[in-house]
Every structure is written in C-alpha cells, then in structure tokens.
Amino acid sequence: HDDHDDHDDHDDHDDHDDHDDHDDHDDHDDHDDHAGHDHSGVDPHFFTDPIQMIEVVEGLTEFLIEKISDIDADLVRSNAESYIGELEELHSEISALFSEIPTSKRVLVTNHQVFGYFAEQYGFEVVGTVIPSSSTLDSASAKGLTELIDVIKKYEVTAIFADVASSNVLASTLADEVGDIQVIDLYSESLGEQGSGASTYLGMIRSNAKLISEGLTDHDHDH
C-alpha cells in the first residue's frame, strides 16, 4: 500500500503494528477443558477486536479501488486512514479502561462463543459459555450447565454476558441458581438502535467494553 504510507498525518498510527505484544495471551488459549467449550469450526467473530478490523479496512480499501474503475481512490484512502485512526483510538481507550481490572477478574462467561478475539486482544479468559459453540442456534445440555455453574463459582464470576438480540433465559436461570451474579446484555451480534450508544461499529465495541468493565468490577468505577 504505497499510497497508504504517504499519509504523513497518519505516521503516529504506525504503532498499530506494534500490538503484537497482545499475542502474548496464548496462556488463555489452553482452557479447552472448561465447560461449554466446543472449538470445532471457525470463529467468525473477528470483528470484536478493533485491531483485526484495521486489516479489514486496509484490505477492503484496496479491493474497492481495484474493482471499481471510476472510484475516487484518494478519497477512499483518506477516509480509510481517518477510520483506522478512530479504530486505534478506540483500542487505546479500551486498553486503558481494562487496565483497571485485576488479572484475577479478567474472566468472561458469555451466552455463546463470540468474544474469543476480543479476549485474546485484551487479556481476558473465556472460562465458559452457556451455549457451547459460536452459533446461537445450538443448545446447551443439562450436564454442560451444571459444569458451568461449578466454573462460575470456582472463578467467582460476577457477571454473565448475554446478547441483546438473543434470549437470555438460560443465562438468567444460571444466575438465579448461582446467586449474586448479574446478567448483562451486550451488542455482540448486531448494532443497536439509534440513541443506544451502539448504533455504529465503534459505538458497539465501546459500549460492550464499558459494560464488561462495569460487570467485572462490581460497578466500583463510574464508566
């Protein structure tokens, strides 16, 4: 992307290539034995990681310029640069927000497997899922839910993160069984309505990060 490198005003964003240090969370990948995990197939939820989305923007930019003959390439690249800057600012904001969360509390229980990329980027561990796959169409087993309750108690999980667009009945049932735990709905599968704070991609990720932070810190911090 020679043209991509010519934006001097974007030189300060070169540090997005330096996020390799986030790959050091390999120790979070070794928890296949946790309840509710089913690692068959490919996790399509790369969009939960804003750094992954930088690559998407860069690839899509060049694809559009190549495929659409009369497109304004300079304008497209300029807009892409601006959006990449916003993604990097969002990443920095989220990293700062999560820096307040102790390692011992960086555990997630979610409705289904959707936050793998997010967890890897920001140093979380997904210790269990209510629905044992990345698809909301699958169902949970009684055995799996019993094991998940044990996991929740073991890790002293303070919140189960469900999805606004999906039923949280099972998550609520689990919360009732465990006691003293919240069920928090995130925007993990779709954008929110206008005014929800999650009507754009950037808003969705920012909103989810704030809700996760609040859920894991027992609302000790005002975010």
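Add 450 to the 1-based position in the sequence shown for my numbering, that's all there is to it. In this text, a Cβ means the ideal position worked out from N, Cα and C, and glycines have one as well. Note that the structure is predicted; figures quoted are calculated from it, not measured.
Tell me the DSSP bridge mates of G573? As a working mapping, residue 573 is identified with position 123 in the sequence shown. Answer is none; G573 lacks a bridge partner.
Excluding five sequence neighbours on each side, which residues of the same chain lie with their C-beta closer than 6 angstroms to the C-beta of T498? Position 48 of the sequence shown, counted from the start, is the residue given in the question as residue 498. So the list reads F565, Y567, F568, once near-sequence residues are dropped.
So, are the CB atoms of L624 and I599 less than 9 angstroms apart? Here the question's residue 624 lines up with position 174 in the sequence shown. Here the question's residue 599 lines up with position 149 in the sequence shown. Contact flag set, yes.
Straight-line Cα distance separating D522 from K604: Counted from its first residue, the sequence shown places residue 604 at position 154. Counted from its first residue, the sequence shown places residue 522 at position 72. Each residue's Cα considered, the two are about 56 angstroms apart.
Please state whether DSSP places D613 in a helix, a strand or coil. In the sequence shown, the residue the question calls residue 613 occupies position 163. It is a strand residue.
Under 8 angstroms by Cβ, that's how I've got Y659 and L547 pegged, so tell me the actual separation to the nearest angstrom. On the sequence shown, position 209 is the one that residue 659 refers to. On the sequence shown, position 97 is the one that residue 547 refers to. It is Ala, not Tyr, that sits at residue 659 in the sequence shown. Contact holds; Cβ gap of about 6 angstroms.
Closest to A615 by CA distance: which of E643, T579, I518, S663 is it? On the sequence shown, position 165 is the one that residue 615 refers to. Nearest C-alpha to A615: E643.
Any idea what DSSP makes of D493, helix, strand or coil? Position 43 of the sequence shown holds residue 493. In the structure shown, D493 sits in coil (DSSP, three-state: anything other than H, G, I, E or B).
Could you confirm whether any beta carbon from chain B is found closer than 9 angstroms to the beta carbon of Y637? Absent from the structure: chain B. Only one protein chain is present.
Which value, in whole angstroms, describes the spacing of the CA atoms of N529 and K555? The sequence position of residue 529 within the sequence shown is 79, counting from 1. The sequence position of residue 555 within the sequence shown is 105, counting from 1. Distance between the alpha carbons of N529 and K555: 38 angstroms.
Quick check on the DSSP output: the beta strand (DSSP E) that includes Q632 runs from which residue to which? Along the sequence shown, read from residue 1 onward, the residue named residue 632 stands at position 182. Counting along the chain, the beta strand (DSSP E) containing Q632 begins and ends at 632-636.
Assuming contact is defined by CB atoms lying nearer than 9 angstroms, are I501 and Q563 in contact in what I supplied? Start at 1 with the first residue of the sequence shown, and residue 501 comes out as number 51. Start at 1 with the first residue of the sequence shown, and residue 563 comes out as number 113. Against a cut-off of 9 angstroms, the Cβ pair of Q563 and I501 comes out as no contact.
Out of curiosity, what's the CA-to-CA distance linking Y533 and D524? One-based indexing of the sequence shown puts residue 533 at position 83. One-based indexing of the sequence shown puts residue 524 at position 74. For Y533 and D524, the distance between alpha carbons rounds to 14 angstroms.
Could you tell me which residues DSSP puts in a beta bridge with L558? Indexing the sequence shown from 1 puts residue 558 at position 108. Per the DSSP secondary-structure output, L558 pairs in a beta bridge with V576.
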